[in-house]
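Below is one structure, written out as structure tokens, with a few remarks after it.
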Amino acid sequence: MTFLFPTKIKWPVEPSIENNGNRFDQLVLGLKKALGPSSGLDSADVNVMELMKLMEEYNTQENEWLKFAFADKCMEYTRNLVDEGNGKSNLLVLVWTPGKGSPVHDHGNAHCLMKILKGNLTEIQYAFPSGDKEQPMRVISENTHKENAVAYMADELGVHRICNRGQDFAVSLHLYTPPNVNKRGHRIFDKKTGKSSHVGDSYYSVYGRQLPKE
Numbered sequence: 001m002t003f004l005f006p007t008k009i010k011w012p013v014e015p016s017i018e019n020n021g022n023r024f025d026q027l028v029l030g031l032k033k034a035l036g037p038s039s040g041l042d043s044a045d046v047n048v049m050e051l052m053k054l055m056e057e058y059n060t061q062e063n064e065w066l067k068f069a070f071a072d073k074c075m076e077y078t079r080n081l082v083d084e085g086n087g088k089s090n091l092l093v094l095v096w097t098p099g100k101g102s103p104v105h106d107h108g109n110a111h112c113l114m115k116i117l118k119g120n121l122t123e124i125q126y127a128f129p130s131g132d133k134e135q136p137m138r139v140i141s142e143n144t145h146k147e148n149a150v151a152y153m154a155d156e157l158g159v160h161r162i163c164n165r166g167q168d169f170a171v172s173l174h175l176y177t178p179p180n181v182n183k184r185g186h187r188i189f190d191k192k193t194g195k196s197s198h199v200g201d202s203y204y205s206v207y208g209r210q211l212p213k214e
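Here the sequence shown stands for residues 1 to 214, where the numbers follow our numbering.
Take a look at the structure:
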């Protein structure tokens with residue numbers, strides 16, 4: 001699999017996505033339509049199961065999303081913006097370096113849907129730390145999500161980390177709604193102590209083009 005390593009450019013203008021034969025583009029349009037005029041998954045008029053169904057129905061095809069798959073072996077993973085869902089969400093392609101993973105993190109009171117586009121990813125869920133006592137975080141579950149699998153996560157379920165235990169780059173599609181993390185950041189946790197710190201997020205690429213590094 002060949003990933004993209006493009007040159008640096010300025011923040012690009014959001015392209016229009018047409019209803020063409022590219023099923024990944026159709027998925028993006030379908031998710032945007034499902035979110036519609038609402039404020040995201042917190043709204044009663046948005047069906048979480050509908051969004052999951054849209055993701056499940058998409059059969060991953062590498063050539064359809066490869067333009068968003070920017071790999072960087074010097075990073076644990078890259079965050080690549082695909083669409084902003086009429087301001088109601090963020091849709092990202094994440095490319096995971098072999099043997100690397102995310103820190104334990106929450107989702108800023110947003111909801112997260114994840115679809116595996118390439119390879120396998122392991123999700124470890126932890127109970128949300130409570131109290132001021134420093135202690136190892138309690139693991140709730142550990143699951144390996146295979147290609148085309150769809151998973152759901154929200155702060156009500158705990159916190160988690162994602163890791164790529166394979167020998168090749170893995171790719172996943174993430175829908176966050178509302179886009180709280182992009183606006184306000186989120187918390188990461190030390191799994192040995194449960195202590196948290198607030199961090200912001202940044203994009204490696206936007207609409208298929210790499211951003212200049214700060």
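Glycine included, C-beta positions come from ideal geometry on N, C-alpha and C. What you are looking at is a predicted structure, and each value in this text was computed from that prediction instead of being measured.
Neighbour-count burial assignment, residue i, 16 or more Cβ in a 10 Å radius
i: Pro37; result: exposed
i: Met49; result: exposed
i: Gly200; result: exposed
Through-space distance from residue j to residue i, alpha-carbon basis
i: Pro179; j: His105; result: 15 Å
i: His145; j: Ala151; result: 8 Å
i: Asn86; j: Lys192; result: 39 Å
i: Asn20; j: Leu117; result: 20 Å
i: Gly99; j: Asn47; result: 35 Å
i: Ala34; j: Met52; result: 11 Å
i: Leu211; j: Tyr204; result: 6 Å
i: Lys32; j: Leu81; result: 14 Å
i: Glu76; j: Ser102; result: 7 Å
i: Gly131; j: Val93; result: 35 Å
i: Glu84; j: Arg184; result: 15 Å
i: Ser196; j: Ala110; result: 18 Å
i: Cys74; j: Glu147; result: 24 Å
i: Glu134; j: Asp25; result: 46 Å
i: Pro136; j: Val28; result: 39 Å
i: Asn182; j: Gly194; result: 23 Å
Three-state class that DSSP yields for residue i in the structure shown
i: Met75; result: coil
i: Ser205; result: strand
i: Asn86; result: helix
i: Gln26; result: helix
i: Phe70; result: strand
i: Arg138; result: coil
i: Arg161; result: strand
i: Leu31; result: helix
i: Pro6; result: Confidence at Pro6 is low in this model, with a pLDDT of 41, below 50, so the placement of that residue should be treated as unreliable; the coordinate-derived value is given next. Pro6 falls in the coil class under three-state DSSP.
Cβ-based neighbour list, residue i, same chain, cut-off 8 Å, excluding 5 preceding and 5 following
i: Asn22; result: Glu64
i: Cys112; result: Tyr152, Met153, Ala154, His174, Leu175 and Tyr176
i: Phe128; result: Asp106, Asp155, Gly158 and Val159
Cβ-based neighbour list, residue i, same chain, cut-off 6 Å, excluding 5 preceding and 5 following
i: Asp72; result: Thr78
i: Gly30; result: Leu54
i: Gln125; result: Ile140, Ser141, Gly158 and His160
Neighbourhood of residue i by C-beta, 7 Å cutoff - its chain only, sequence neighbours within 5 removed
i: Gly208; result: Lys67 and Phe68
i: Val166; result: A quick correction: the sequence has Gly, not Val, at residue 166. Taken in chain order, the residues that qualify are Pro98, Gly119 and Asn120.
Stretch pair the segment 53 to 62 + the segment 111 to 131: three plus CB contacts closer than 8 Å: yes
Inter-stretch contact at 8 Å, needing at least 3 Cβ pairs: the segment 161 to 174 / the segment 119 to 127: yes
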